[in-house]
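In full-length UniProt numbering, the protein residues as written are 1 to 267.
Here is the structure:
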């Protein structure tokens, strides 16, 4: 396989160029314990300012620290009876111990007010249960071997993605809160998820591989429109490519220079 062919298949997905039958993966050592937490803040607890600050640091923190953010309109504010409030859930995993995590959070995000009692040390596989399994704390990882779509948590949803390259302003965030409250009042169940692009992704230039969403992207979120639109490869989104008046998809939506290089390869 030539260098250009290898470059092309690394970012376009296996379905773009053929069937991949062999692949080598480099494994990394994981400490015996990782540290996790889910900390919730509402608008009354300064959530808007916290989210604004999060946008400025999420892709720049220690490479061992992953801070995702989930946003939803709560049915009822815990502080104002009968009123809705936006709930921000800071969902974090740190590859290391709790004391190291607290030091890093105090350095990069002291405004969150993280306390030691908010954190739980566990093995990496237990963190999968904690974040994704829908199981109560303390569930054995063996539960993952007996997954049953009839009895275990399963949720169906429509997801849309975009890449954020400049922090959303305070006014923009407040507009999002109004929209979330409106959508939830219409029983849409809409939520937002922000996933930071840090670590190796923030070191990878747009042109290193065909996957163009490396350095320069702060995080990937839902329903954040740009011009042109951009989306994660695995989101099969029929709305993409419909920004222009004539409705045609063009190479700008898919990374103009990367598409140009791909078309020059002698297949």
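Positions of the beta carbon are idealized from the N, C-alpha and C atoms, including for glycine.
| request: Measure the CB-CB distance between residue 167 and residue 52 and report whether it falls below 8 Å. | output: yes
| field | Buried or exposed (CB count within 10 angstroms, at least 16 for buried), residue 194 | value | buried
| message | Given this structure, state the Cα-to-Cα distance separating residue 222 from residue 159, to the nearest angstrom. | response | The predicted model places residue 222 with a pLDDT of 47, which falls under 50 and marks its position as unreliable, so this point remains unresolved.
| task | Determine the direct distance from the alpha carbon of residue 143 to that of residue 65, and round the result to whole angstroms. | result | 26 Å
| Touch test, the region 118-128 against the region 23-37, Cβ-Cβ under 8 Å, three pairs minimum | yes
| field | As assigned by DSSP and simplified to three states, the class of residue 110 | value | helix
| said: When you compare the CB positions of residue 48 and residue 183, do they come within less than 8 Å of one another, or not? | reply: no
| request: Whole angstroms is fine: what's the gap from residue 104's alpha carbon to residue 96's? | output: 11 Å
| request: Kindly give me the distance between the Cβ atoms of residue 180 and residue 85, rounded to whole angstroms, as I take these residues to be in contact under 8 Å. | output: Residue 180 to residue 85, Cβ: 10 Å. No contact.
| How should residue 108 be labelled, buried or exposed, when 16 other C-beta atoms within 10 angstroms of its C-beta is the threshold for buried? | buried
| request: Just mark residue 23 as buried or exposed, buried being the case when its beta carbon has 16 or more other beta carbons within 10 Å. | output: exposed
| So, residue 34 versus residue 94, is the Cβ gap smaller than 8 Å? | yes
| task | Between the Cα of residue 116 and those of 188, 141, 99 and 145, spot the shortest distance and give me the residue it belongs to. | result | 99
| task | Report the three-state DSSP secondary structure of residue 182 (helix, strand or coil). | result | helix
| What residue range is occupied by the uninterrupted alpha helix (DSSP H) comprising residue 160? | Unbroken run through residue 160: none, as it is neither H nor E.
| request: Specify, as a first and last residue, the run of the alpha helix (DSSP H) that residue 126 falls within. | output: 124-132
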